[in-house]
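First up is the structure itself, then whatever we jot down about it.
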Amino acid sequence: MAGEFSVCNLTADILSTSYAAGLKERFLRYVKIWSESDSNKADDGIMPSAERERDMAAVLKAELEGLGLEAVQTDANCYTYARLPASSGCEKVPAICLMAHIDTVDEVSGKDVKPLVHEDYRGGPIALPAGITLDPEADRHLAEAGQLGDTIISSDGSTLLGADDKAGVAEIMTAVEFLITHPDVKHGVIEVMFSPDEETGHGMDRVPLKLLQSRQCYTVDGGHEGELEVECFNAFKSDIHFTGRSKHTGDARPDMVNAIEMAASFVANLPHGELPETTDGYQGFFAPMEISGGIETADVTLFLRDFSTEGMERRKKLVDQLAATTALVFGGKADVVHTQQYLNMKAGLDKQPEVTEKLVRAYRTAGLEPVFKPIRGGTDGSRLTEMGIPTPNIFTGGHSYHSRYEWASLRQMIRATEVLIQLAKAWAE
Numbered sequence: 004m005a006g007e008f009s010v011c012n013l014t015a016d017i018l019s020t021s022y023a024a025g026l027k028e029r030f031l032r033y034v035k036i037w038s039e040s041d042s043n044k045a046d047d048g049i050m051p052s053a054e055r056e057r058d059m060a061a062v063l064k065a066e067l068e069g070l071g072l073e074a075v076q077t078d079a080n081c082y083t084y085a086r087l088p089a090s091s092g093c094e095k096v097p098a099i100c101l102m103a104h105i106d107t108v109d110e111v112s113g114k115d116v117k118p119l120v121h122e123d124y125r126g127g128p129i130a131l132p133a134g135i136t137l138d139p140e141a142d143r144h145l146a147e148a149g150q151l152g153d154t155i156i157s158s159d160g161s162t163l164l165g166a167d168d169k170a171g172v173a174e175i176m177t178a179v180e181f182l183i184t185h186p187d188v189k190h191g192v193i194e195v196m197f198s199p200d201e202e203t204g205h206g207m208d209r210v211p212l213k214l215l216q217s218r219q220c221y222t223v224d225g226g227h228e229g230e231l232e233v234e235c236f237n238a239f240k241s242d243i244h245f246t247g248r249s250k251h252t253g254d255a256r257p258d259m260v261n262a263i264e265m266a267a268s269f270v271a272n273l274p275h276g277e278l279p280e281t282t283d284g285y286q287g288f289f290a291p292m293e294i295s296g297g298i299e300t301a302d303v304t305l306f307l308r309d310f311s312t313e314g315m316e317r318r319k320k321l322v323d324q325l326a327a328t329t330a331l332v333f334g335g336k337a338d339v340v341h342t343q344q345y346l347n348m349k350a351g352l353d354k355q356p357e358v359t360e361k362l363v364r365a366y367r368t369a370g371l372e373p374v375f376k377p378i379r380g381g382t383d384g385s386r387l388t389e390m391g392i393p394t395p396n397i398f399t400g401g402h403s404y405h406s407r408y409e410w411a412s413l414r415q416m417i418r419a420t421e422v423l424i425q426l427a428k429a430w431a432e
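Just so we're aligned, residue 4 is where the sequence shown starts under the numbering used here, counting upward by one.
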């Protein structure tokens with residue numbers, strides 16, 4: 004069985020696969036559930052960071068129970084787990100776990116999402132009711148979708164869509180249902196886990212590893228069709244605390260040291276060519292994320308990203324030197340704390356190449372040639388790999404994440420679902 008379609012199939016054939024309607028229905032239903040996480044509460048150790056994440060978890064738990072999976076549960080920290088038993092004769096096949104996250108980012112509202120379906124899209128701007136336009140002139144993937152006559156799903160423009168990562172959730176659920184309803188497709192144990200708070204960077208803080216039989220996992224949290232991600236940034240957060248000296252502004256000279264000016268000078272002197280907006284590919288960056296304070300004290304939160312360990316050490320050293328120099332110039336004080344967030348998963352995946360090899364086979368059987376690209380960020384998989392469970396990342400068909408311009412390709416979502424089905428088969432062969 005080579006799947007329901009091959010690389011040469013037309014878009015109309017792909018959109019008419021047996022599970023296409025169910026996949027679309029799930030996705031449209033999921034994005035309407037408000038499950039936005041809260042970065043501030045997550046940093047304070049609260050999990051889930053927003054109680055509304057439990058609403059999404061409850062829906063998935065009920066659906067997993069309805070499908071007849073085993074050991075279905077949502078734990079106190081909002082991780083939802085279930086297990087599909089192995090096919091007869093495949094009991095010794097290594098178990099795999101499919102993962103996606105249920106929260107959406109809090110940078111753009113995910114409340115009251117109103118998804119719009121644009122069928123048989125043939126190109127041209129898509130004007131959304133809230134006053135923004137999806138423009139294929141500025142988005143090559145949208146232009147490609149128009150050439151293929153794809154079905155595009157967006158919000159109404161007043162919120163994000165939530166394809167990150169409810170597209171991944173819908174694809175996993177649809178693939179699991181397919182395996183249940185097609186017993187001729189042989190597979191080992193398939194575990195699924197839906198996690199909270201990935202968008203806050205805390206998605207794997209309390210992951211219940213004791214539940215997992217799998218020694219390899221796959222996150223479904225990528226972007227464009229065919230992308231396969233096996234490497235990501237090393238990530239650190241730097242907190243810089245500036246201490247000045249307050250005095251009445253009318254009598255400030257020569258004693259006042261303004262911590263606001265120290266913080267502003269520090270940020271202004273970061274290398275302009277090494278900021279998020281001036282880098283791409285394998286280039287790392289310094290990302291100022293927050294600045295706050297007053298004359299007496301001020302704080303800067305900075306994200307450091309680099310693909311190499313050596314590069315990260317250089318970045319930390321530069322931050323230390325720049326903070327110390329700023330304090331010296333202004334006559335104040337600077338304290339720097341570097342906190343590791345996640346590490347590049349490439350080294351861990353290289354130690355167990357079979358995990359990626361099986362996924363490459365699944366892509367090719369589904370009619371796709373994998374496109375390896377670095378993740379300019381991190382996933383739950385990078386944390387899991389660091390914990391000793393290699394976890395590559397699979398595309399979802401979502402685009403323009405973390406914005407009101409977010410959209411998803413139904414055609415690509417179907418392709419991702421097919422990859423998951425073929426992945427289950429690849430481990431059973």
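Positions of the beta carbon are idealized from the N, C-alpha and C atoms, including for glycine.
Here the structure is a predicted model, which means the values were calculated and not measured.
Close Cβ partners of residue i (< 8 Å) along its chain, the five nearest in sequence each way excluded
{"i": "Ala-15", "result": "Gly-152"}
{"i": "Gly-92", "result": "Lys-189"}
{"i": "Trp-430", "result": "Val-96, Pro-97, Ile-99, His-190, Gly-191 and Lys-361"}
{"i": "Ala-23", "result": "Ile-17, Leu-413 and Ile-417"}
{"i": "Asp-283", "result": "Arg-379"}
Cβ-Cβ separation, residue j to residue i (assumed contact under 8 Å), whole Å
{"i": "Ile-378", "j": "Glu-234", "result": "7 Å"}
{"i": "Met-348", "j": "Thr-394", "result": "7 Å"}
{"i": "Thr-246", "j": "Gly-335", "result": "6 Å"}
{"i": "Arg-29", "j": "Met-196", "result": "Arg-29 to Met-196, Cβ: 17 Å. No contact."}
{"i": "Glu-73", "j": "Arg-86", "result": "5 Å"}
{"i": "Ala-262", "j": "Glu-299", "result": "6 Å"}
Spatial neighbours of residue i in its chain, beta-carbon cut-off 6 Å, leaving aside the 5 residues before and after
{"i": "Lys-44", "result": "Ser-52"}
{"i": "Pro-128", "result": "Thr-136 and Asp-138"}
{"i": "Val-10", "result": "At Val-10 the pLDDT is 40, less than 50, meaning the model places this residue with poor confidence and gives no usable figure here."}
{"i": "Gly-206", "result": "His-104, Ser-198, Asp-200 and Asp-383"}
{"i": "Phe-333", "result": "Val-260 and Met-265"}
{"i": "Asp-47", "result": "none"}
{"i": "Thr-77", "result": "Ala-60, Lys-64 and Thr-83"}
{"i": "Gly-287", "result": "Arg-308, Asp-309 and Gly-314"}
{"i": "Asp-58", "result": "Ile-36"}
{"i": "Val-374", "result": "Gly-229 and Glu-230"}
{"i": "Leu-31", "result": "Pro-118"}
{"i": "Asp-167", "result": "Gly-401 and Tyr-404"}
{"i": "Glu-122", "result": "Thr-154"}
{"i": "Glu-110", "result": "His-405"}
Cut-off 7 Å between Cβ atoms - residues of its own chain near residue i, not counting five sequence neighbours on either side
{"i": "Val-116", "result": "Val-34, Lys-35, Ser-158, Thr-162, Leu-164 and Gly-165"}
{"i": "Leu-70", "result": "Val-179, Glu-180 and Ile-183"}
{"i": "Asp-208", "result": "Met-50"}
{"i": "Ala-326", "result": "Ile-243, Phe-269, Ala-337 and Val-339"}
{"i": "Ala-419", "result": "Glu-174, Val-223, Ile-397, Phe-398, Thr-399 and Gly-400"}
{"i": "Gly-225", "result": "Glu-232, Asn-396, Ile-397, Phe-398 and Thr-399"}
{"i": "Arg-125", "result": "Gly-149 and Gly-152"}
{"i": "Phe-239", "result": "Leu-307, Met-315, Lys-319, His-341, Thr-342, Gln-343 and Gln-344"}
{"i": "Thr-359", "result": "Val-233, Leu-352 and Pro-395"}
{"i": "Glu-68", "result": "Val-75"}
{"i": "Asp-258", "result": "Arg-248 and Lys-250"}
Segment limits, beta strand (DSSP E) that includes residue i
{"i": "Ala-255", "result": "Neither: Ala-255 is in no beta strand (DSSP E) and is coded neither H nor E."}
{"i": "Leu-305", "result": "300-309"}
{"i": "Ile-105", "result": "No beta strand (DSSP E) contains Ile-105, which DSSP labels as neither H nor E."}
{"i": "Thr-83", "result": "83-87"}
Where residue i sits in the DSSP three-state scheme
{"i": "His-275", "result": "helix"}
{"i": "Glu-264", "result": "helix"}
{"i": "Ala-5", "result": "Confidence in Ala-5 is poor, its pLDDT being 42 and thus under 50, which makes the residue's placement unreliable; the coordinate value appears in the next sentence. Ala-5 falls in the coil class under three-state DSSP."}
{"i": "Gln-286", "result": "coil"}
{"i": "Glu-432", "result": "coil"}
{"i": "Val-270", "result": "helix"}
{"i": "Met-416", "result": "helix"}
{"i": "Gly-296", "result": "strand"}
{"i": "Cys-427", "result": "This sequence places Ala at residue 427; Cys is not what is there. Looking at Ala-427 - three-state DSSP - the assignment turns out to be helix."}
{"i": "Ala-79", "result": "coil"}
{"i": "Glu-194", "result": "strand"}
{"i": "Ala-23", "result": "helix"}
Extent of the continuous alpha helix (DSSP H) to which residue i belongs
{"i": "Ile-17", "result": "14-18"}
- Message: Going residue by residue through the stretch 196-240, where are the continuous beta strand (DSSP E) segments of at least 3 residues, counting only ones entirely within it?
- Response: 220-223 and 230-232
- 4 or more residues per run - each alpha helix (DSSP H) lying fully within the stretch 107-186: 143-151 and 166-184
- Identify every run of the alpha helix (DSSP H) within the stretch 313-368, keeping only runs that are complete inside it and at least 4 residues long; order them along the chain. 349-353 and 356-368, all fully within the stretch 313-368.
- Which runs of the alpha helix (DSSP H), 4 residues or longer, sit entirely within the stretch 369-401? 383-389
- In chain order, which continuous runs of the alpha helix (DSSP H) of length 4 or greater are located wholly inside the stretch 28-73? 42-46 and 56-70
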